[in-house]
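Just so you know, the sequences run in chain order W and G.
Here full-length UniProt numbering is used: the first residue of the first sequence is 1, the next is one more, and so on.
Here full-length UniProt numbering is used: the first residue of the second sequence is 1, the next is one more, and so on.
Where is the CB? At the ideal position from N, CA and C, for every residue including glycine.
Note that the structure is a prediction, hence the values are computed from the model and not measured.
Worksheet for the structure shown next.
There are 2 protein chains.
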Amino acid sequence: MKLFGYWRSSATYRVRIALALKNLPYDYEAVHLLKGEQNSEAYRAKNPLGLVPTLQTDDGALLVQSSAIIEYLEETFSEPPLLPGGAIARAQARAVAATLASEAQPFGNSRIQKYLKNERGFDADAMNDWMNRWPGGAMAAVEKMLAHTAGDYCVGDVPGLADCFLVPQMYAAHRFGIDVSGFAKMNEIHERCLKHPAFEKAHPDNQPDAVTS
Amino acid sequence: MKLFGYWRSSATYRVRIALALKNLPYDYEAVHLLKGEQNSEAYRAKNPLGLVPTLQTDDGALLVQSSAIIEYLEETFSEPPLLPGGAIARAQARAVAATLASEAQPFGNSRIQKYLKNERGFDADAMNDWMNRWPGGAMAAVEKMLAHTAGDYCVGDVPGLADCFLVPQMYAAHRFGIDVSGFAKMNEIHERCLKHPAFEKAHPDNQPDAVTS
Chain W
1 MKLFGYWRSS ATYRVRIALA LKNLPYDYEA VHLLKGEQNS EAYRAKNPLG LVPTLQTDDG
61 ALLVQSSAII EYLEETFSEP PLLPGGAIAR AQARAVAATL ASEAQPFGNS RIQKYLKNER
121 GFDADAMNDW MNRWPGGAMA AVEKMLAHTA GDYCVGDVPG LADCFLVPQM YAAHRFGIDV
181 SGFAKMNEIH ERCLKHPAFE KAHPDNQPDA VTS
Chain G
1 MKLFGYWRSS ATYRVRIALA LKNLPYDYEA VHLLKGEQNS EAYRAKNPLG LVPTLQTDDG
61 ALLVQSSAII EYLEETFSEP PLLPGGAIAR AQARAVAATL ASEAQPFGNS RIQKYLKNER
121 GFDADAMNDW MNRWPGGAMA AVEKMLAHTA GDYCVGDVPG LADCFLVPQM YAAHRFGIDV
181 SGFAKMNEIH ERCLKHPAFE KAHPDNQPDA VTS
């Protein structure tokens, strides 16, 4: 398999965690978002939305959207599972993931931030309000959901789908000034994840295209 | 089962289509978004984000997020399936759904429109640009994805998960002035869906809380 992605992209980070939790080997090709490589004709042919990641399977299929890619990995490489047993627990894990994927991450995406700043004149205060109201508000809802579902990780005591979404959202929150100080359960799970070898392997700073200096 | 929703909510509409395609009976309780009922303490206890829908299962579990709810229905009531056979086709169906759920719908949500107009001074031109650039841009990407996946419906010749997301997005597009005239495949599938009994049953105008006069 080959993953087209970017070190700091939340959605790429999610897929890297899933691949690492399942111990799956893959090639990695960086798509430099700051150079606009996601908008090249060649990349758009792989991913019509011009977003990362794209996963190329061994038989050449091109899969897009991190949640669809992770469900594919779960169906194709079942061990260890990223979803719990039991339909209700599975729905809870997917609900945490979907809340972060649909209500938090899109509003903090760099193309949206750029648009609001450059084309709609959002100043620092407006951006801060935007980030804390929308991504921050969704994270506050997830904190409440975790009160019903979490053990050591987001759903129960095993790292899985919801954690693949939580950790990149926490990374983005720290990067973009979302105040997460009130989210005790999320902070606790995030800290635990960061010490887990699969999450360490998947961390942005540990990717070949990372710029950390 | 009991569905808490709102007639014009895209996410509620998605779940109604899935329930109708699977021929599942359910009770319906309207949550009047315009009256702010989604923000009541009683409703927030069911759905921490204050969004519709919420599905209460027969054993009392409260499920949130339309994509998680539909995956739950698919796992629990397998016939007829809403996902195709084959891991790649399933990933394609989920990718169409996720693109609409994460890149189109959130930016057109009424709470976001209200915020941009009332708190950030977006005028009609700015709203039009916003709606056509973000939800419209995501829909343009889906049109390209459908070139690889569609038959009579979004993925193959049977209505399923991706159609549950496409039809409400088309409804929202018409409502909010997103130009869909260039999306030939989406228009064709949308027209076909509207004539299907399950989609007709799920249509906003046919709900008990509809205000159509």
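Query, Result
"Along the chain, where does the alpha helix (DSSP H) that runs through W/Ser125 open and close?", "Per the sequence presented here, residue 125 of chain W reads as Asp, with Ser not at that position. Residues 124-133."
"Does the Cβ-Cβ distance between W/Val158 and W/Thr99 come in under 8 Å?", "no"
"Exposed or buried, which one is G/Asn39 when buried takes at least 16 other CB atoms within 10 Å?", "exposed"
"Take G/Trp7 and list the residues in its own chain whose beta-carbon comes closer than 6 Å to its own, dropping the five residues that flank it on each side.", "Pro204, Gln207, Asp209, Ala210"
"If contact is defined by three or more beta carbon pairs under 8 Å, each pair taking one atom from either stretch, is the segment 83-91 of chain G in contact with the segment 25-45 of chain W?", "no"
"Can you find a C-beta in chain G that's less than 8 Å from the C-beta of W/Met170?", "no"
"What are the residues in the segment 80-99 of chain G lying within 9 Å of chain W by C-beta distance?", "Ala87, Ile88, Arg90, Ala91, Gln92, Ala93, Arg94, Ala95, Val96, Ala97, Ala98, Thr99"
"Are G/Ile189 and G/Pro135 closer than 8 Å when you measure CB to CB?", "no"
"Going by beta carbon distance, what residues of the same chain come within less than 6 Å of W/Ala172, once the five residues before and after it are set aside?", "Ser10, Gly108"
"Comparing the C-beta of G/Lys22 with each C-beta of chain W, is any distance below 8 Å?", "no"
"Do you know whose CA, among W/Ala20, W/His32, W/Lys195, W/Pro106, lies nearest W/Met131's CA?", "W/Pro106"
"Which of the three DSSP states, helix, strand or coil, is assigned to W/Val180?", "coil"
"Going by beta-carbon coordinates alone, are W/Pro65 and W/Lys2 separated by less than 8 Å?", "The amino acid at residue 65 of chain W is misidentified as Pro; the sequence shows Gln. It is not a contact, given that the beta carbons lie outside the stated cut-off."
"Counting only beta-carbon separations shorter than 8 Å, does W/Leu49 have a partner in chain G?", "yes"
"Around the Cβ of G/Asn23, are there at least 16 other Cβ atoms within 10 angstroms (buried) or fewer (exposed)?", "exposed"
"Hey, quick one: how far does the beta strand (DSSP E) through G/Ala30 stretch, first residue to last?", "27-30"
"With distances taken from CA atoms, which of W/Phe165, W/Met145, W/Thr212, W/Ala198 is nearest W/Ala184?", "W/Met145"
"Output, in chain order, the set of chain G residues within a Cβ distance shorter than 8 Å of W/Pro106.", "Ser102, Glu103, Pro106, Phe107"
"Looking at the structure shown, is G/Gly136 part of a helix, part of a strand, or coil, going by DSSP?", "helix"
"For W/Ala138, go through chain G and note every residue whose CB falls closer than 7 Å to its CB, in chain order.", "Leu49"
"My output table needs one value for W/Phe4: the three-state DSSP class, helix, strand or coil.", "strand"
"Report the neighbours of W/Lys144 on chain G: residues whose CB is nearer than 7 Å to its CB, in chain order.", "Pro48"
"Just checking: is the beta-carbon of residue 254 of chain W within a distance shorter than 8 Å of some beta-carbon in chain G?", "With chain W covering 1 to 213 only, the question about residue 254 of chain W has no answer from this structure."
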